[in-house]
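Everything in the sequence shown is counted per this note's numbering, starting at 82 for the first residue and increasing by one.
Since the structure comes first, as structure tokens, the remarks are kept for the end.
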Amino acid sequence: MDFSIAIVPGDGIGPEVISEGRKTLDAIGRAFGHKFNQIEASMGGNAIDQYGVPLPPRTLEICRHSDAILLGAVGGPKWDDPAATVRPEDGLLMLRKELRLFANLRPVKVHPDLIDASPLKPSLLEGVDVMVVRELTGGLYFAKPKRRWETQRGRRGVDTLRYTEEEVRRILEVGFNLSSSRRCKLTSVDKANVLETSRMWRQIATEMADQYPQVTLEHMLVDNVAMQLIRDPSRFDVIVTENTFGDILTDEASVLSGSMGMLPSASLSAQKSTRTRKSQSIMGLYEPIHGSAPDIAGKGIANPIATILSVALMLRLSFRLEEEANAVESAVATVLSSGLRTADIAPNGGNAIPTSKMGDEIAQTISS
């Protein structure tokens, strides 16, 4: 089959990990007879430097007309001036909004051979398999008013936390459906003791639960979830939450796997791919959850596994290629079981292999 993929390397270590993701796509293409047409585009800090904007119109058009998007990372200290009118992250927020990428899925699993890479006790990590569903286009990151200004009494700023019933129902439906195909337990995260949006969220989740009698719904305050993710992570199956809470909780959950370099993500649209509607492919953006890590950029020590596992999510969710997705995940597991490690997951950083070597090993395992 023929698929079109927008490749957006971004900033920092983004281009390095994306190179290894592309190796994976090439290996899958050879092994299964698919053609992945990869079109590179600019976004983030590098786009600001070249074009003055974080999301150039050409990049948006390439993404619109692709079946899926593979993103590295955006941002870095070069563009962190608080007084700047544009920031690299603005490009990602704009892309999410323009393509209606409302549902962010972040699977958190612990590879048996990496239990010692986490700072948590091994006994706490057994059986950890959590899917976090984060609402991605509402809440504090998007709602208006959002501004800063100066008064005679000093500087002020405001961000607005706003949700509609439609937005809440849409993301909760994703959570309920995912839970139905897993262990049938859904944890809805809110701050209902303080926030009106959370009270509405909890009310809607309770109403929707009647439609999913096979799913056990629990409500949990976000601060308690933050504690339980460390205290008893295996208790969770599917977690569904609003934008800001999900952003923070998933970064915390990366500790369970040993490194942010291990966790992939998928941001899915409400619309189908414009090129493959007949196959009901879902438009999605796939990226590692880690940032641009400018402190290690160019050193060849970044972990590409999160990007490679994001490729697996792309194959499964946007292209409906389950066997191919399983092949990628199996290759990652095989390479890790062989003892190969990048610096972030190697014991005390020793005996680590470079980024490109990890990508080569996984691609060769797929091809063998």
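From the three backbone atoms N, C-alpha and C, an ideal C-beta is built for every residue, glycine too.
Note that the structure is a prediction, hence the values are computed from the model and not measured.
Original post:
Taking the continuous beta strand (DSSP E) assigned at A273, which residues delimit it?
Top reply: Per DSSP, A273 belongs to no beta strand (DSSP E) and is neither H nor E.
Original post:
Does DSSP put D130 in a helix, in a strand, or in coil?
Top reply: helix
Subject >> Host beta strand (DSSP E) of F84 (start-end) >> reply: D83 to G91
**OP:** Taking R251 and F326 to be in contact with their CB atoms under 8 Å, please state how far apart those CB atoms are, rounded to whole angstroms.
**Re:** With 8 Å as the limit, R251 and F326 do not qualify as a contact, their Cβ atoms being about 17 Å apart.
**OP:** Pull up the distance between the alpha-carbon of D83 and that of P137, whole angstroms please.
**Re:** 26 Å
Original post:
Bridge partners of D210, per DSSP?
Top reply: K190
**OP:** Using only alpha-carbon positions, find the residue among F257, K178, N258 and G219 that is nearest to D240.
**Re:** G219
Subject >> Contact belief for A475 with G339 at Cβ below 8 Å, rounded distance in angstroms >> reply: Coverage of the chain is limited to positions 82 through 449, which leaves residue 475 absent and any answer about it impossible.
Original post:
In angstroms, rounded to a whole number, what distance separates the CA positions of I447 and D271?
Top reply: 41 Å
Subject >> CA-to-CA distance, S315 to E207, given in whole angstroms >> reply: 7 Å
Subject >> Three-state secondary structure (DSSP) of Q445 >> reply: helix
Original post:
Got a sec, what are the start and stop residues for the alpha helix (DSSP H) L330 sits in?
Top reply: N324 to S338
Original post:
Between which two residues does the beta strand (DSSP E) containing P369 stretch?
Top reply: I363 to P369
**OP:** Return the CA-CA distance between I88 and S100, expressed in angstroms with no decimal places.
**Re:** 10 Å
Subject >> Chain-order list of residues whose beta-carbon lies under 6 Å from that of A393 (same chain, five-residue window excluded) >> reply: A406, V409 and E410
Original post:
Could you give the C-beta distance for G381 and P435, rounded to a whole number, given that I count them as a contact under 8 Å?
Top reply: 4 Å
**OP:** Using the Cα positions of D425 and R187, report the straight-line distance between them to the nearest angstrom.
**Re:** 20 Å
**OP:** Quick one: give me the first and last residue of the alpha helix (DSSP H) that A307 is part of.
**Re:** V303 to R312
Original post:
For D210 versus L417, is the C-beta distance shorter than 8 Å?
Top reply: no
**OP:** Kindly list the residues whose CB is nearer than 6 Å to the CB of A122, restricted to its own chain and excluding five residues on each side of it in sequence; keep chain order.
**Re:** A87, V89, T140 and I143
**OP:** Return the residue from the list K190, I196 and Y222 that minimises the CA-CA distance to D171.
**Re:** Y222
**OP:** Name the residue from Y132, L152 and H146 whose alpha carbon lies nearest to the alpha carbon of P96.
**Re:** L152
Original post:
What residue does the beta strand (DSSP E) around G528 start on, and which one ends it?
Top reply: Residue coverage of the chain in this structure runs from 82 to 449, which leaves residue 528 outside it and unanswerable.
Original post:
Less than 7 Å between the CB of V416 and some heavy atom of the ligand NAP, yes or no?
Top reply: As presented, the structure is devoid of all ligands, the ligand NAP included, so that no description of it is given.
Original post:
Per DSSP, P200 forms a beta bridge with which residues?
Top reply: Answer by DSSP bridge pairing: none, since P200 is not bridged.
Subject >> Residues near M395 by beta carbon distance below 6 Å, same chain, minus five either side >> reply: A149 and Y367
Original post:
Going by C-alpha distance, which of L267, L253 and M308 is nearest W282?
Top reply: L253
**OP:** Closer than 8 Å by C-beta to E288: which residues in its own chain qualify, once you throw out the five before and the five after it? Chain order, please.
**Re:** none
Original post:
Would a check of beta-carbon distances place V296 closer than 8 Å to chain D?
Top reply: Although the question refers to chain D, the structure presented lacks it and comprises just one protein chain.
Subject >> Rounded C-alpha distance that separates G431 from A351 >> reply: 44 Å
Original post:
What are the start and end residues of the alpha helix (DSSP H) that includes V167?
Top reply: First-last for V167: undefined, no H or E at that position.
Subject >> Counted within 10 angstroms of its Cβ, other Cβ atoms place W230 as buried (16 or more) or exposed >> reply: exposed
**OP:** Figure out for me which residue from E323, T268 and S279 has the closest Cα to the Cα of M301.
**Re:** T268
Subject >> Host alpha helix (DSSP H) of T241 (start-end) >> reply: From DSSP, T241 is part of no alpha helix (DSSP H); its letter is neither H nor E.
**OP:** Just grab the DSSP bridge partners of R229 for me.
**Re:** G238
**OP:** Could you work out which residue in S85, V134 and I386 is closest to A444 when comparing CA atoms only?
**Re:** I386
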